[in-house]
Structure formats: structure tokens, C-alpha cells
Amino acid sequence: MAQRTVLPLRDRIGSITSGTLAWAYAALLVIPFYYFIVSSFKTNEEIFESPLALPTSIDLSNFTTAIEQADLGLAVANSALTTLAALVLTLLLALPASFALARATGRAGKIVENVFALGFLIPSFAALFPTFLLAAALGLFHTRTFVVFLLPATALPLSIVILTSFMRTIPRELEEAASMDGASSLQVLRQVYLPICVPGIATVLLLNFLSFWNAYLYPLILIGPDTAQRTIQVALPTLKVDAGTDYGVLMAGTLFTLLPVYLVYTLLQRQMQRALLSGAVKG
Amino acid sequence: MTHGISRRTLLGAAISGGIITPLLAGCGALVPASSGPGALTVHTQISGAVAGAQTFSDVVAAYQRDTARRVALLKNGSDLPIVFETSTLAGKEADVAIVNMMGRTLAWTRLGATVDVGGYLDDWGLRDLIIPEALQEWTDEEGRLRAFPFTRTNWPVSFNTALLEEAGVGIPKTSDELIAAADALRSKGIGPVTVGGSDWSGQKMFLQVMQGFLTEDEARTVFSTGKISETPGAIAGVEHFVELRDAGVFVDNVQGYTSDSELTQFNTRKAAIVPAMSSALALVPAERAAEVTVGGWPKPSSGGVLDHPSVIKSYNGHGIWISENGRKKLDLVKPFVQHLYSPEVTDRFILESGRDMSRVTDTVSKDFPLVAQASRLKDTEVSAVMLPDLLIPDAVFEPMIQATALAYGSASAERIIDAFEKAYQAV
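Structure below.
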């Protein structure tokens, strides 16, 4: 029979403390989420009377009301359209750029990489007015097209930093071997770098998906209020009124908009964790 | 090493995205409604969960069916003004905006973003249809009619008579009666007056109490300049508010409440009295409405200027504004606006949504009893006081709410006056 290793007292205290803190943190996250879910099945009176109680019935009427009142179906389609197109464009631009930067050895590469990093210094709010002027000048104001081009521009600094550092961990010998076999640069990217970079790509996809899906100010101003075009974050606030907001409906509407986020997170989280872990191991 | 997502999957996702994107873009529902020629674009705040949103959508749909004219509805909530303004800068604003007159929108006509609609009143046969006081309220100091007044607001006080009876008191008409009623309610474990101490609803209440000691002219001066300390009536009003607060007239922790929580407290019988605007009264459930009587805020027992309990009366609901783009399409705007003022349409708003309208009408809400009660209040029962929103400078609005939130705490009258006046110094 295997003997159990007894941890020293200091380690046990540390383990209990960290475990307690981890559970407390989890509770901090779970309780609001629980409140949020149960409230979407309740009336205002039930929400304010007994906030943490379970709903008396699983009635989906709050969801249907929210979807009807704020045209959430169309809004989700618009958000999906803009987010998907912007994600594809981001990857199409960030992957070759990161590949080139990861392989660059000269000063020029370093300078270009720093230029991309400068993008972090621009507060998004400060760029709103020039961006608005650009959209108007291009004749793309109140279109989804402009936002599809704009979102990748805002996401490129982070995407390139992540992907470049990920690609730098790939041994040069792999690329040299492929080149000796006659592979072109594009083939090296597609057949050597991309398969190894999948966790990094997933990380970029997940982070950008969250950012694109949740974007409010730019879509509000640049896409505008047309129900046929507006995104979910622009449609959702119409469920809030000056007096007498139905919080059950508002919570249901918000929950509805979070479902795609949850699905994408579930799909990509393992890859993202792998990317973070590999980054931690490789330093 | 295996990965959850293969390169093939990723490529597949990218290709699918490339295919789905144009497919989705081709969907009819996702084609901008405002893109077609000959369409009238209407940017409206009567949307989403706002009372009357469904009625408005139905009215517009019926108008399109009956006239074969196209109307593109653009919808926003409180963010409508900023969206309209940026659209105006790009020359792509909607032809018509339906929004209330507050903050940013007050400057629209002066700055040329919207047109003076006064000239169309007679041409379009609307002058006799709209309540004259409403036209007056929507006219700026230069005599320009900013927009056609469409909906309006009554701001009475609702009393749960069943709870008052339980406490052995009637509806208070004076401040002394209010204090006595608050004591009686508290002794039964019932909250007296609930209000959103932390937001605009608390601000309105505070300013309404203050108006108990101000003539209309004095009120105009005080609300436009913020100089309470130079007006004895305003000082008396603040002191009266502090007296009521310290006597326990407001529910506990009122400083933290909002316009939403005040209604919920009232609807769940946690509090017996609530000041609420008519669109909010439409949301009181029938079961609660059955035990509620609508009236005014108790007048000061001594020293005030009011003959009766006070009610805020305002014609500042949603107005129908015409933009510069709309001016170029008056042939489309005119029949649409005329249709909105038809008796059938205004009746639908009153009967289906419980809205108060700025159109002259005898129709009274049937399914919204509290709205109906409020609209039947007579001048012999209540004294009207103003909604000061038009006088308060835009930049003062938020700082003033912080000052009035302070008033619901434990601040002295001097400190409240100081905070109130400082709010105006930012301008």
C-alpha cells in the first residue's frame, strides 16, 4: 500500500489558504452569474423581493419579449456577420505579418514590430472622431463594411504581438528543413508554422472575438441605428427605459447575447490555455 | 502532440466565414431599411421597451400598407441624440427624429441641425390639433418651434390607500399630514415615500418640494442660474425638504435608490407613496393600481406659495423634429406627421400604451387606470409646478443630481445649497 506523503505544516497552510482564496474568487464570479441567470426568468418584483431565490417557473417569456422588443434576432445576425468577417480579416493580415516579423533578424523588422506595438498607445476613444471623419469621407458611414475594416485595425497590435512571440518559439531548423525540401515561404507558413501556432491563433481568435462582439461605441456611431444593420450591443440598451425597466427582460436579452460568447469560449478555451501554458514553459 | 482544432478546421472556418458573410449580407432583413430611394427615415426613441413602442411600430406598418409609402425606422434609446448628431455631421441624419427635449436636443434648432417647424403648423393643419401650452413649451426663446409636441408627461404622486388605511391615515394634503402619515406608516413597518434618491427622479422630487416656496418667475431664475442663496423662497424650500427628510418622510436608505427601485418598492407594497411620471404609472400592475389613488405632493403647512398639493406638469415628452434632410423631403414628411396626429393614431397611443398625448383629445386611457386618474386631476385639486429640465443648463444636469443625492443623505440645508450652487459654477 502506497504511503501518503504528509506535507509540512507551512505548505499545508499555504495550500489551504490558496484553496480558500480560489474558492472565494470562484464564488465572487459565480454568484453574480447565478443572479443574472435566475433573474432572467423572474418578474421585477421577484428580482427585488428575493434576488437569489430560484425562479418559481422556467418561463421563457422574458426571452421572447426581449428578442421581439429589441429585434435581437437581427442584431445577433449583424454582430455575427461583422465579428466573423473582422476575425477572418484580422487573421489574414496578422498571420503573414507575424510570420515575417518572427523571421526577421535585422533592425527593420524590430522597427516595424515596435510600430505595431505603438498601436497600444492610442486610446480607442481618442480615435473616434478621426475614424468617423474617415468613414464619412469614404462614403462608408452607416455601413457594416467600414466596421469590418476598422475592427481588425484595432486588433492588429495585440494579435501581432501574440502571434510573433508564438512563432519565435518555433525552431529555425524546421523552417530550414522545409526550405531545403523546396518549400516556398508561403508553404513554410502554411505547413510548418500554422499547425504549430494553432493555440496562438485560437488565443487571438478568442480575445478578438470578445472584443469585436462586445464593441459598443464604434458600432453605435459608425453603423448607426438601422435595425437591419445595428449590432447586438447597440440593440440591447433599448430594453432599458427611464422609469420602470423590466430587469427580467433586460437580463434575458443580455443572456441571449452572451450565448455565442459562451459557445466560442467553450470551443477555444482549451487551445488558449495550451497557448498560455506553452508560453509559461517556454518563457 | 494533438490539438483540439486542426489546421483543416481552421481553414474550414475561414472559408465558411468567407461564404457565410456575403450570404448573410444578401439576406433581405439585413439590407439597410434606409437605403432605398423615396424612403422616409424616422429616427425614434419610441422603441424597445419604451411604453408605446409596439403601437408606434404598428402605426408605421399600417401607414406603409395603406399609403404604399416606405418608412425606414431607425431606433435608439437614450443614445439617440449623439447618434443623430454624428449622423448630421456626415449629412446622413434621418429625415425625422422623435425624441424628447432635454440636454443636447435643446440646441438642435438653434444650431441648424433641425428646422423651425412653426411655419408648418398652419400649412399642415396642426395648430388646432395640438394643445397650445405644449406649443408654448416647445418654442425657444427666439420664437422657434423646435418640434411638434407629440407625447407629454404628468408627474403626480401615487398613494397606496390600502396601506394608508392600514396605518390609520388618509391621503396627506399638507406637509404636517405627510409627517404624521409617515410616522403612522413606519409604526406599521411600511415605508412612507419612496423615490430614486440617487438619480433624476430624486432630483425632480427635490425641485418639486422647493417649488412649494417659489413663484414661477422665481423658480425660473433659480433653476437657470442656480443662485439659491439669493432667493429666500428657494432657501425656505431646501430647509423644508430637510425638515421632511429628518422627520422620516422618505424610506430608509433612500439615497441609494433609483427610479426603477422606487417603482418596485411601491409595486411590492414596501412603500405607500411614490412620485412617478405617467409613463411609469402605466407599468403599475392592475392588482396594485386597484388600491392606488393619484394626487399631488402635500403642500407646505405654512409659508408656501401653493394653494393645493403640487403636480409636475410638462409637455416635454417626445417631439417630432424635422432635420435638414427632412426639409428636402417635405412631401414625404407632411403626410406622415399629419397621420401621427390623426385621432385614430393618438387614440391608439392613449388606449393601447397609456401615453399622455399633446394632441387635443377627450380620449382617456381605459386599461391604465392610474394614467387616467392623473389626466383627470383638476386645477381645483392640485397646483401645477414646472418640470425644470428646460431651464437647467446641460452641463449642470449630472452635478446637480449629485447635489440632490446629497440632500437625501444627512447633509444640512447649507451644505445642500452650497453643492447645488457649485453644480452651476462648472458652466
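Chain order of the listed sequences is A and B. To convert, count from 1 in the first sequence and add 26; that's my numbering. Mapping to my numbering: the second sequence position 40 is 36, numbers consecutive. Each residue gets a CB set at the ideal place from its N, CA and C atoms; glycine is no exception. It should be emphasised that the depicted structure is a prediction, and the values quoted were computed from it without experimental measurement.
With fewer than 16 other Cβ atoms from the protein chains shown falling within 10 Å of its own Cβ, residue 299 of chain A counts as exposed. The three-state secondary structure of residue 49 of chain A, taken from DSSP, is helix. Counted as a single uninterrupted DSSP element, the stretch harbouring residue 117 of chain B is not any beta strand (DSSP E) but the alpha helix (DSSP H) occupying residues 114 to 119. Non-local beta-carbon contacts of residue 219 of chain B in its own chain, meaning distances under 6 Å to residues more than five positions away in sequence, involve 384, 387, 388 in chain order.
Bounds of any beta strand (DSSP E) do not take in residue 134 of chain B, whose DSSP letter is neither H nor E. Rounded to whole angstroms, the gap between the alpha carbons of residue 126 of chain A and residue 148 of chain A is 24 Å. Taking the Cβ atoms as the reference, residue 110 of chain A lies roughly 12 Å from residue 178 of chain A, outside the contact range of under 8 Å. Between the alpha carbons of residue 267 of chain A and residue 259 of chain A lies a gap of roughly 16 Å.
Listed in chain order, the positions of the stretch 51 to 70 of chain A with a beta carbon within less than 8 Å of a beta carbon of chain B are 70. Not a single C-beta of chain B is nearer than 7 Å to the C-beta of residue 108 of chain A. Taking the CA atoms as reference points, residue 157 of chain B sits about 30 Å from residue 343 of chain B. Ranking B:83, B:422, B:415, B:372 by CA distance to the CA of residue 390 of chain B puts B:422 first. Taking the beta carbon of residue 361 of chain B as reference, no residue of chain A falls within 9 Å; the closest one sits roughly 16 Å away. Classified as buried, residue 55 of chain B has 16 or more neighbouring CB atoms from the shown chains inside 10 Å of its CB.
In the same chain as residue 348 of chain B, and ignoring 5 residues on each side of it, the C-beta atoms closer than 6 Å to its own belong to 51, in chain order. Out of B:283, B:254, B:274, the CA that lies nearest to the CA of residue 263 of chain B is found in B:283.
The alpha-carbon separation between residue 159 of chain B and residue 191 of chain B amounts to approximately 17 Å.
The Cβ atoms of residue 38 of chain B and residue 79 of chain B lie no closer than 7 Å to each other. The closest CA to that of residue 49 of chain B, considering only B:317, B:97, B:351, is found on B:351. Shown here for residue 42 of chain B: same chain residues with a beta carbon closer than 7 Å to its own, the five before and five after excluded, namely 48, 49, 52, 94, 314 in chain order. Restricting attention to A:176, A:242, A:195, the CA atom closest to the CA of residue 219 of chain A is found in A:195. Listed by position along chain B, the residues whose Cβ is nearer than 7 Å to that of residue 268 of chain A are 255. Bounds of any alpha helix (DSSP H) do not take in residue 109 of chain B, whose DSSP letter is neither H nor E. With its beta carbon less than 7 Å from one in chain A, residue 70 of chain B belongs to the interface.
For the C-beta of residue 189 of chain B, not a single chain A residue is nearer than 8 Å; the gap to the nearest is close to 16 Å. Under the DSSP assignment, residue 289 of chain B falls outside any alpha helix (DSSP H), being part of the beta strand (DSSP E) whose first and last residues are 288 to 291.
Look at the stretch 89 to 102 of chain A: the residues with a C-beta under 9 Å from a C-beta of chain B are 91, 92, 94, 95, 96, 97, 99, 100. Listed in chain order, the alpha helix (DSSP H) elements of length 4 or more contained wholly in the stretch 233 to 274 of chain A are 258 to 261.
At a C-beta separation below 7 Å, residue 314 of chain B has no neighbours in chain A, since its nearest C-beta there lies roughly 12 Å away. Taking residue 278 of chain A as the centre and dropping the five residues before and after it, the same chain places the C-beta of 66, 88, 89, 92 closer than 7 Å to its C-beta, in chain order. In the three-state reduction of the DSSP assignment, residue 100 of chain B falls in the helix class. Residue 123 of chain B sits in a helix when the DSSP states are folded into three classes.
For residue 158 of chain A, the chain B residues whose C-beta falls within less than 7 Å of its own C-beta are 82, listed in chain order. Residue 124 of chain A carries a helical assignment under DSSP once its states are collapsed to helix, strand and coil. With respect to the 7 Å criterion, residue 330 of chain B and residue 120 of chain B are classified as neighbours on the basis of their beta carbons.
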